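Participant: Sequential numbering from 261 applies to the sequence shown in the numbering used here. Glycine is no exception: its CB is placed at the ideal position from the N, C-alpha and C atoms. The structure displayed is predicted, hence computed values, not measured ones. Here it is, the structure, as structure tokens.
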Amino acid sequence: MLVRPINNIDDLAPFQARWDELAGGCPFRCWTWLTTWWKHYGTGRSLNVLLVFDDDNSSCSADVSCRNQSLPAEQLVAILPLYIDHSHTQGSVMRLLGDGEVCSEHLDLLCVPSELDEASQALAEYLVAHADDWDALKLTALAEGTRNLDSLLVAMTMAGCEFNRTDGVNCWSIPLPATWEEFLAMQSKSHRKQLRQLKSRVLESPRAAAYEVSDFREFDVAWEILIDLHQRRRLSLGEPGCFASPQWANFHREVALEFLNQDRLRLSVVELDGEPIAAEYHLAGNDAIYAYQGGIDPERRDDEPGQLSMILCIERAIAAGCTRFELLRGDEPYKAHWRAEATSTIDIEVIAPRTLAKLRHYSWNGLRRAGRLVRQFTNLLS
Numbered sequence: 261m262l263v264r265p266i267n268n269i270d271d272l273a274p275f276q277a278r279w280d281e282l283a284g285g286c287p288f289r290c291w292t293w294l295t296t297w298w299k300h301y302g303t304g305r306s307l308n309v310l311l312v313f314d315d316d317n318s319s320c321s322a323d324v325s326c327r328n329q330s331l332p333a334e335q336l337v338a339i340l341p342l343y344i345d346h347s348h349t350q351g352s353v354m355r356l357l358g359d360g361e362v363c364s365e366h367l368d369l370l371c372v373p374s375e376l377d378e379a380s381q382a383l384a385e386y387l388v389a390h391a392d393d394w395d396a397l398k399l400t401a402l403a404e405g406t407r408n409l410d411s412l413l414v415a416m417t418m419a420g421c422e423f424n425r426t427d428g429v430n431c432w433s434i435p436l437p438a439t440w441e442e443f444l445a446m447q448s449k450s451h452r453k454q455l456r457q458l459k460s461r462v463l464e465s466p467r468a469a470a471y472e473v474s475d476f477r478e479f480d481v482a483w484e485i486l487i488d489l490h491q492r493r494r495l496s497l498g499e500p501g502c503f504a505s506p507q508w509a510n511f512h513r514e515v516a517l518e519f520l521n522q523d524r525l526r527l528s529v530v531e532l533d534g535e536p537i538a539a540e541y542h543l544a545g546n547d548a549i550y551a552y553q554g555g556i557d558p559e560r561r562d563d564e565p566g567q568l569s570m571i572l573c574i575e576r577a578i579a580a581g582c583t584r585f586e587l588l589r590g591d592e593p594y595k596a597h598w599r600a601e602a603t604s605t606i607d608i609e610v611i612a613p614r615t616l617a618k619l620r621h622y623s624w625n626g627l628r629r630a631g632r633l634v635r636q637f638t639n640l641l642s
């Protein structure tokens, strides 16, 4: 195995198709999502994507001139898509592309399954050999039992790294049967009755209309409806709303247009009495729909816009042959009500195997604990 670091996004272009093969159909791990994320969130950060090649010439890994030669994409067996954040307090912290406020789900080490153990070992050896370049590796919201990253963490532990884990929020997914009637049978008796009534009384009446964006002419109108409904709903709850962040909004508009071009965008609008009352921004994977963001008219809550929109989106997913409807992270009560299943997530921090990195880690954690104690004490006095 030969590990090559890539520090310039343009140098990854020859591996775009292979990257998407290794991403396994998950939109958050694909080339479009992660490279667009880097375009919008990479300023002030250092790219550090590690490519692992199955190199037949074992002497090549030790030869500098050979390292500079291009390797064919078909020999690429694993990708660890990292970047480095630099700070005075925590030093150089490696993270996965796509993390932060975008809340990318299911991020992972991308790898050919049969090569996982060898690739993990090669990556662990490389990271330990270059431990002077980083202080910590922080991985957030990993689904419990993420096999690829689990293999890498085991290899890094065996190579002398320490790591800490903390529990995160749950990630929710609805397993989809083959038909809508089978899906209704999964629901509680009262919810099943409610869904049938909403479908017959509202969605099948002349009052209701719904559409899913299929071309670029429809996109702009639907996108503005989504922003308006989302922001109005969040503001009614005393929150700023996601689109209040220009960086977030610009990233999503660009990536949504890219996904529309690839037939992976599911942007839909529900109208009632001629007015939009709900909009959904979803992403399509190989066998799943990922319900990323949405909005409802806060003044039409009595009409249950969220329920109406959910019915239509799940019906479309079943009709498309999807086996999962992903509701992603967060423990909102409606998820369990729709018979979604929870998977726990964890946050991992790996400390580089050198003294200064360990001192940084313990000092930073000590400061955070002291800060929490001060806040708790202040709350007691207030």
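So, at 8 angstroms on beta carbons, what are the nonlocal neighbours of Y552 in its own chain, with the 5 sequence-adjacent residues on each side left out?
Facilitator: Y541, H542, L543 and L588
Participant: Within 10 Å of its beta-carbon, does F476 have 16 or more other beta-carbons around it, so buried, or fewer, so exposed?
Facilitator: exposed
Participant: So T400 is in the alpha helix (DSSP H); what residue range does that whole segment cover?
Facilitator: Segment A396 to A403 is the beta strand (DSSP E) holding T400; no alpha helix (DSSP H) there.
Participant: Taking only heavy atoms of the ligand SAH into account, decide whether any of them is closer than 7 angstroms to the Cβ of E361.
Facilitator: The model depicted lacks the ligand SAH and carries no ligand whatsoever.
Participant: From what residue to what residue does the beta strand (DSSP E) around E518 run?
Facilitator: Boundaries for E518: no beta strand (DSSP E) harbours it, while the alpha helix (DSSP H) harbouring it runs P506 to N521, taken from the DSSP string.
Participant: Kindly indicate which residue of D533, E375 and Q567 has the alpha-carbon position closest to the one of Y594.
Facilitator: Comparing alpha carbon positions, the residue from D533, E375 and Q567 closest to Y594 is Q567.
Participant: From the DSSP output, in three-state form, read off E472 for me.
Facilitator: Strand.
Participant: Compute the Euclidean distance between the alpha carbons of W432 and T605, then round it to the nearest angstrom.
Facilitator: One C-alpha to the other measures close to 10 angstroms.
Participant: Counting only runs of 3+ residues fully inside the region 479 to 505, write out the beta strand (DSSP E) ranges in chain order.
Facilitator: As far as the region 479 to 505 is concerned, it has no whole beta strand (DSSP E) run of at least 3 residues.
Participant: Measuring only the C-alpha atoms, how far is K449 from A579?
Facilitator: Going by the C-alpha atoms only, they are around 23 angstroms apart.
Participant: Starting from T603, trace the beta strand (DSSP E) both ways and give me its first and last residue.
Facilitator: DSSP places T603 in the uninterrupted beta strand (DSSP E) bounded by E601 to I611.
Participant: In three-state DSSP terms, what is T292?
Facilitator: helix
Participant: Let me make sure I understand the geometry here. Which of D345, F313 and L463 has the alpha-carbon closest to that of P332?
Facilitator: F313
Participant: Less than 8 angstroms between CB atoms is the rule here; does W394 satisfy it with respect to chain C?
Facilitator: Of the protein chains in this structure there is only one, and it is not chain C.
Participant: F585 lies in the beta strand (DSSP E); which residues open and close that run?
Facilitator: Segment R584 to R589, the beta strand (DSSP E) holding F585.
Participant: What number of angstroms, rounded off, separates the C-alpha of L282 from the C-alpha of E375?
Facilitator: 12 angstroms
Participant: Work out the CA separation of S474 and L412 for me, nearest whole Å.
Facilitator: 40 angstroms
Participant: Is T349 buried or exposed, if buried means 16 or more other CB atoms sit within 10 Å of its CB?
Facilitator: exposed
Participant: Assuming the contact rule is C-beta atoms closer than 8 angstroms, L525 and A538 should be a hit. Round their C-beta distance to whole Å, please.
Facilitator: At roughly 17 angstroms, the Cβ-Cβ gap does not stay under 8 angstroms, so L525 and A538 are not in contact.
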